[in-house]
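For reference, the structure discussed in these notes is given below.
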Amino acid sequence: MDLPRKTWDSPECDCGATIQSMQHLILDCQLRKYAGDLDDFVKVTPEAVVWLDHLDIDI
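The opening residue of the sequence shown carries number 1 in the UniProt record's numbering; numbering runs sequentially from there.
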């Protein structure tokens with residue numbers, strides 16, 4: 001089940017961080033942090049692809 005995607009006019013993340021960057025989303029976000037390794041995105045692992053597909057924001 002895909003969740004509705006959110007869009008914002010502000011650079012802030014809804015977790016409270018001042019900037020919602022990909023680095024923040026993958027490594028630091030309390031709401032969306034990726035459970036695997038950052039290298040998964042370089043290697044384009046199935047787990048990273050699934051995480052991106054289910055991310056509830058437009059990137």
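Think of the CB as a built atom: it goes at the ideal place given N, C-alpha and C, for glycine as much as any other residue.
As the structure is a prediction and not an experimental result, all values here were calculated from the model.
Next on the checklist: What does the Cβ neighbour count give for proline 11, buried or exposed, with the cut at 16 atoms within 10 Å?
Outcome noted: exposed
Checklist entry - Can you tell which of Asp39, Val42, Gly16 and Leu38 has the C-alpha that lies nearest to the C-alpha of glutamine 30? => result Gly16
Next on the checklist: Using the Cβ count rule (16 or more neighbours within 10 Å means buried), how would you classify leucine 25?
Outcome noted: With 16 or more other CB atoms across the displayed protein chains lying within 10 angstroms of its CB, leucine 25 is buried.
Item to check | Beta-carbon proximity list for tyrosine 34, same chain, < 6 Å, skipping 5 on both sides | outcome: Ile26 and Trp51
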